[in-house]
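Taking it in order: structure first as structure tokens, then the write-up.
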Amino acid sequence: MSLVDVLLMFVFTLLLTLHSCLAETGGDYVRDACSVTKYQDICIRSLASFANTARQDPVLWARASVSVTLSEATNASQYLTKLGKRNSMRGRNRIALSDCIDCFQDARDNLHDSLNVLRSLTRETFDGKIGDVTTWVSGALTDQDTCLGGFDNVHNIRQVALVQNLVTNVTYVTSNALALVNKLATTGMVLRA
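If you use mature numbering (1 follows the signal peptide of the UniProt record, and there is no 0), the sequence shown corresponds to residues -23 to -1, 1 to 170, in order.
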């Protein structure tokens, strides 16, 4: 395992621990928001720092989750790009990695577009824009799943296993973001006090 791999795993673990500690403040808000997600523990850890700001606002929860997902996808994309430049993978794995890098670029573009719309969403634009956001976040998840699919049947290589774990973790965060965007699409924008 390279130093970069070790550092990446350390930073990821540190962030999860930090988010876990922060989950105790505003815990009811974040638990309520994350109740619609498939990976609730990850949702709570990754969004805990937004609890006191987002409270019960589905727009802010959707925005926070897409923002966190974009950050995670960007970090994964950078790691994959560095791994590709090292030329340490051969054959099918090298092709899968190249495809994965392209998929993550598409996913990042979709998430960036989604975040931009969520930041400027108003009651007047909601009906016309929320469908786009749902489609883009869903597309990001599909891109990440496509990335994972390229590595099928090659689980015996440690570097491939690290990539699969990294991408899987990002798909969990993206799945949670999609659930929160879908919740927003269902509930609509709420009046703020």
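Glycine included, C-beta positions come from ideal geometry on N, C-alpha and C.
Every value quoted in this text rests on a predicted model; they were computed, and no experiment measured them.
Query: CA nearest to the CA of D86, picked from V43, T163, G165 and S152; Result: V43
Query: As assigned by DSSP and simplified to three states, the class of I107; Result: helix
Query: Cβ distance (whole Å) where L118 is taken to contact F81 below 8 Å; Result: In fact, because the Cβ distance is near 12 Å, the residues do not count as touching under 8 Å.
Query: Residue ranges of each alpha helix (DSSP H) within the stretch 17 to 53, 4 or longer; Result: 17 to 24 and 28 to 31
Query: Q55 burial status per 10 Å Cβ neighbour count (16 or more: buried); Result: exposed
Query: 8 Å contact criterion, which N153 and T14 should meet: CB distance rounded; Result: 4 Å
Query: Outcome for A39 when other beta-carbon atoms lying within 10 angstroms are tallied against a minimum of 16; Result: buried
Query: Proximity of C77 and C20 at Cβ, strictly below 8 Å; Result: no
Query: CB contact flag (N146, T111, <8 Å); Result: no
Query: DSSP three-state assignment for I134, whether helix, strand or coil; Result: coil
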